[in-house]
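Notes follow the structure.
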Amino acid sequence: MEPEERRRMIVAAALPLVAEFGAKVTTGRVARAAGISEGTIFRVFADKNELLDAVMAEAVRPDHAVREIASIPLDRPLEERLAEAADALGAHLGRMGAVAGALHASGHLRRDAGRERPPQEARENSMAAIRTAVAELFGPEDRLRVSGEQAAALFLGLLFTRPRAGQEVSLDTGELVEVFLHGTLAGADGQ
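Residue 1 is where the sequence shown starts when you use full-length UniProt numbering, and the numbers rise one by one after that.
In structure tokens form, the structure reads like this:
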């Protein structure tokens with residue numbers, strides 16, 4: 001197995017463990033989950049911190065969510081497509097938050113001045129990939145008053161700022177899609 005492929009395999013095995021245990025996860029536990037010896041980890045990672053940083057980098061990558069969104073059949077009703085996209089993005093944000101929260105709580109993620117942060121361009125590229133995938137969901141619609149790209153940007157803005165469960169006011173996915181597509185005012189038909 002090539003080193004990069006081995007790194008990806010180890011990171012995939014480590015991600016749920018890091019989400020659960022943060023920096024307290026042992027390399028032995030990661031090795032067992034990956035089905036390898038502990039020494040194999042250190043053939044492709046300099047140390048445990050490099051592994052933890054790679055897990056965090058993987059958690060923030062939108063590739064999985066973008067693939068899920070791209071796999072949504074365009075012949076389904078728009079409401080269903082958007083709800084499925086919202087759920088995929090919610091899972092992505094949940095995974096990212098779980099890993100970051102666990103690492104922070106266990107002392108690994110700190111706002112050190114010397115600590116490298118992902119470049120702004122990488123964050124912008126991630127959002128562009130997500131926006132493009134969501135815009136594709138609007139492709140077959142002839143009822144849009146704005147472009148698919150604009151609709152995607154508006155939908156993502158609403159999705160990423162919506163009140164969450166447990167807050168005084170919250171919107172579930174169905175309500176969010178309903179308000180996005182039909183607004184907040186009742187129409188003549190009572191909707």
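Glycine is no exception: its CB is placed at the ideal position from the N, C-alpha and C atoms. Keep in mind it's a predicted model, so treat the numbers as computed, not measured.
{"Check": "For my contact list, residue 139 and residue 74 are in at a C-beta cut-off of 8 Å; report their separation, rounded to the angstrom.", "Outcome": "6 Å"}
{"Check": "At the level of alpha carbons, what is the spacing between residue 52 and residue 23?", "Outcome": "7 Å"}
{"Check": "CB-CB under 6 Å to residue 72, same chain, minus the five flanking residues each way: which ones, in chain order?", "Outcome": "81 and 84"}
{"Check": "At what residue ranges does the segment 17 to 65 contain a whole run of the alpha helix (DSSP H), taking only runs of 4 or more?", "Outcome": "27 to 34, 38 to 44 and 48 to 60"}
{"Check": "Taking the straight line between their C-alpha atoms, what separation do you get for residue 98 and residue 146?", "Outcome": "35 Å"}
{"Check": "Note down, in chain order, each residue of its chain lying with its Cβ closer than 6 Å to the Cβ of residue 93, except the 5 sequence neighbours on either side.", "Outcome": "none"}
{"Check": "Are three or more beta carbon pairs between the segment 121 to 140 and the segment 154 to 161 nearer than 8 Å?", "Outcome": "yes"}
{"Check": "Rounding to the nearest angstrom, what Cα-Cα distance links residue 26 and residue 179 in this structure?", "Outcome": "46 Å"}
{"Check": "Measuring CA to CA, which of 134, 37, 1 and 18 is closest to residue 56?", "Outcome": "18"}
{"Check": "According to the neighbour-count rule (16 or more other Cβ atoms, all chains shown, within 10 Å of its Cβ), is residue 45 buried or exposed?", "Outcome": "buried"}
{"Check": "How big is the Cα-Cα spacing for residue 4 and residue 175?", "Outcome": "42 Å"}
{"Check": "With burial defined as no fewer than 16 other Cβ atoms inside 10 Å of the residue's Cβ, what is the status of residue 121: buried or exposed?", "Outcome": "exposed"}
{"Check": "Please say whether residue 59 and residue 15 have beta carbons closer to each other than 8 Å?", "Outcome": "yes"}
{"Check": "What three-state label does DSSP hand residue 96 in the structure shown?", "Outcome": "helix"}
{"Check": "Using the three-state DSSP reduction, which class does residue 1 fall into: helix, strand or coil?", "Outcome": "coil"}
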